[in-house]
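Everything on this sheet refers to the single structure shown next.
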Amino acid sequence: MSKWSMVSLGRVASPVERPEVPVPGKPYRQVGVRLWGEGAYERELLDGSETKYKTLSRVEADDIVVNKIWARNGSVAVVPDKLAGCYVSGEFPTFKPTAERLEPLWFHWLTKTPTFWEQCDEKSRGTSGKNRIRPERFLEIEIPLPPLPEQRRIVARIESLTEKVQNAQGLRQELFDERDSLVGAVLNRFLGNPYTGERGKLQIADWCKLTDVVTDVADGPHITPRYVDGGVPFITVLNITSGRISFRDHKYITPEDHKLYQKRARADKGDVLISKDGTIGVPCFVDTDREFSFFVSVALVKPKANVLDGEFLTWVLRAPYLQERMKSQSRGDMIRHLVLREIRELTVPLPSIHEQRRIVAYLDGLQAKVDELKQLQAETADELAALLPSILDKAFKGEL
C-alpha cells in the first residue's frame, strides 16, 4: 500500500488538442501506443489524403496519449522528445500533465504497472471485446502522488536500477552467444583445418576423404511420400536439427513404402544423418534401433566398423572448417542443396578408434557443461525479467 495520497488524473492532467485539417499531399508522422506500458512509437507516414478523420491532433513531448480501444490492456504512453510533432487521430485522446504537480517520467513508469492496467480495464466500457475508454473516465484513474521532488528522486532511482538490469541482460546475452560458439572453438583448436594447412592441438597425422572410411553415403527417396495416419516414422530435416533424432511432429508412411525406401538407404544405430537441403550440414547421430525412413533432404553416412566411430564423425562434422566447407559447396539460389558427391569428398581426421572414443567422451562432457550453463542462463533470464516489476512495485509503495 502506498504511503502517499491517491489522486485522480483529472487533478494533475487535462485534455489537450492541437487539431489540424489534413492536407492532401502532405505527409504526417503518426504515433502509436504499445500495450502493457511499452511506450509510444512512430508508425508509418500518412498522406493527408489517406485519412478518414476531419482533423488530426499534434502531440508534444510529455503529453499522455491513450489508445481508446486498447487502454484496457495498458496502451497508454508518455510522448518522448523524439516523437514531438507527430499526430494522432481522435481514437487517441491526449492529455497534458500539470507541470507543477506531475513529473511525466513518474507517470511513464506508472503505465508499466499491473495496478494501473487494472484501473484502465475497470474504467473501460464496451461490448464485443472493444472496451473503449472515454477521456472523462480515464481521468478518474487514481495514482499515488508524492511531492514533485520525491517523484523525480524516485524516477532517477528507477532509471539507475533498470539500467543495471539492462546491463546484466546484455552480459547474459553475450555469455549466451559465447556458449553457442564454445564447442566450435574447441573443435577448431583440437582439429585445425586441413583445407588451409592449420594444425590443431591434437596434431592428427592421418586425414582422409570421408568416402574412404564409410560403406555408404546416400539420401532418401527422390519422390514425395504417401503419408498416412500411422505406420513407420518418416524423418525430415526438421527432426534432426537438434543433433539427435526427434520422433515428435514427424509424419508416417506405410510399412510397404518403408521397405521400398530401405532398398535405397537404410539407417542403423551408429550411423550419421546430415541435413543437405535448405539447412545445410547439421549432423545427427543415430542412437536408436527404431525403424524409420527419411526424406531426400537428409543424407545417410554409414561409418566403417572399427575404423570410424559414428559419434566421433558427428562431432567432427560440427567443426567450423567442415561447416564452412559444406555451406560453400552447396548450390542453389532460393534453397541451397549439398550433393552427395561433396559429402563423400569431405576431409576428416582419422585418429585411432580408441582416440576417437576418448575425444567423444571429452566433448560429450563439455557439451553437458554447456547445456548446464544454458539452463542456468535461462533461469537467470527469468530472474532478470522479474526485477523490473519488483522495482516498480517497491517504487510506487514508497520503498525505494
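Residue numbers (the working numbering): 22 to 421. All C-beta atoms, glycine included, are put in the ideal place defined by N, C-alpha and C. These numbers come from a predicted model, not from an experiment.
Nearest residue (CA-CA) to residue i, options the options
i    : options                   : result
V28  : R50, L123 and F113        : L123
R357 : T300, L384 and F313       : T300
W127 : D84, S70 and I261         : D84
K75  : E139, E420 and S110       : S110
G6   : Q172, E38, D270 and N88   : No information on residue 6 is available, as it lies outside the stretch 22 to 421 that the chain covers here.
F255 : Q388, D278 and L223       : D278
D298 : D330, V369, K117 and I261 : I261
P114 : L56, Q224 and R39         : R39
V322 : L169, G331 and F316       : G331
K284 : T309, P170, F313 and V87  : F313
D414 : L131, A120 and S373       : L131
G241 : L361, A120, W57 and K24   : L361
I244 : V317, R210 and C229       : V317
P125 : S96, L169 and Q140        : L169
Segment limits, alpha helix (DSSP H) that includes residue i
i    : result
C305 : Not the alpha helix (DSSP H): C305 falls in the beta strand (DSSP E), residues P304 to F306.
W130 : P125 to L131
V337 : G331 to L338
E277 : P276 to Y282
D142 : P135 to K144
S349 : P341 to Q350
R116 : The question names Arg, but residue 116 is Phe in the sequence shown. Counting along the chain, F116 falls outside any alpha helix (DSSP H), though it belongs to the beta strand (DSSP E) covering T115 to P118.
R362 : L361 to R365
E157 : P156 to F159
N-terminal and C-terminal residue of the beta strand (DSSP E) that residue i is part of
i    : result
Y74  : It is not in any beta strand (DSSP E) - Y74 carries neither H nor E in the DSSP assignment.
M27  : M27 to S29
Y62  : A61 to E63
F255 : V253 to I256
P36  : A34 to P36
E163 : E163 to P165
I85  : I85 to V87
A98  : V97 to V99
V54  : V52 to V54
Paired residues, beta bridge with residue i - DSSP
i    : result
H271 : According to DSSP, which records beta bridges pairwise, H271 is partnered with nothing at all.
K323 : D237
W228 : P370
G291 : Bridge partners of G291: none, in fact.
Q172 : DSSP, once it has assigned bridges, lists no residue as partnering Q172.
R178 : According to DSSP, R178 bridges with nothing at all.
Beta-carbon separation (whole angstroms), residue i vs residue j, contact threshold 8 Å
i    : j    : result
L294 : A288 : 7 Å
R346 : Y216 : 7 Å
V204 : V391 : 6 Å
T257 : V319 : 7 Å
L93  : I154 : Note on identity: in this sequence residue 93 is Arg, with Leu being the wrong assignment. So it is a contact: roughly 7 Å between Cβ atoms.
S35  : F116 : 6 Å
R265 : D308 : 7 Å
The ligand COA heavy atom lying under 7 Å from the CB of residue i
i    : result
N214 : Among the components of this structure there are no ligands whatsoever, and the ligand COA is therefore not found.
* Asked: Counting Cβ pairs closer than 8 Å, one from the region 97-105 and one from the region 366-384, do we hit at least three?
  -> no
* **Contact between the region 39-49 and the region 129-137 (3+ Cβ pairs under 8 Å)** => no
* To do: Evaluate the contact criterion for the region 331-339 versus the region 294-314: three or more CB pairs, one atom per stretch, below 8 Å.
  => yes
* contact_flag[the region 259-279, the region 229-236] where n(CB pairs < 8 Å) is 3 or more -> no
* Asked: Okay, do the region 75-89 and the region 47-57 touch, 3+ Cβ pairs below 8 Å being the bar?
  -> yes
* Asked: Any contact of the region 168-185 with the region 339-348, i.e. 3+ C-beta pairs under 8 Å?
  -> no
* Asked: Touching or not, the region 169-180 and the region 152-159, by the rule of three or more beta carbon pairs under 8 Å?
  -> no
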